[in-house]
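In the working numbering, the protein residues as written are 1242 to 1343. A short write-up of the structure that comes next.
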């Protein structure tokens, strides 16, 4: 109920449903890590995976490898690719570097 009221701006939400409103909850996503130490404070990710080491956890990072493609468009979302290479045509990318231009 609290989140329904918050959705129409009547009070504060409780994202993790722990009975503590988000504006005063030290762990908004309920993953056991305090917000100030959590690399995704609003999405539960107890493992704190951060593939590209950019300080933003994979659970809330839309580009986990910091290449030119967002994960949704990337054929290899966890491996940096300068190009979207797929030499064997299987729909999954390979990490490779294009040969230098002559």
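Where a beta carbon is used, it is the ideal one built from N, C-alpha and C, also for glycine.
C-alpha gap between residue i and residue j, whole angstroms
i            : j            : result
residue 1235 : residue 1290 : For residue 1235 there is no data in the structure shown, the boundaries of the chain being 1242 and 1343.
residue 1301 : residue 1269 : 14 angstroms
residue 1265 : residue 1282 : 13 angstroms
residue 1262 : residue 1325 : 44 angstroms
residue 1275 : residue 1328 : 44 angstroms
residue 1314 : residue 1271 : 30 angstroms
residue 1182 : residue 1253 : This structure leaves residue 1182 out entirely; the chain is present only between 1242 and 1343.
residue 1288 : residue 1323 : 28 angstroms
Buried/exposed call for residue i, threshold 16 Cβ in 10 Å
i            : result
residue 1309 : exposed
residue 1267 : exposed
residue 1256 : buried
residue 1278 : exposed
residue 1295 : exposed
residue 1259 : exposed
residue 1298 : buried
8 angstroms Cβ cutoff, residue i in contact with chain E
i            : result
residue 1303 : Absent here is chain E; the protein component of the structure consists of one chain.
Beta-carbon separation (whole angstroms), residue i vs residue j, contact threshold 8 angstroms
i            : j            : result
residue 1317 : residue 1334 : 3 angstroms
residue 1293 : residue 1306 : 5 angstroms
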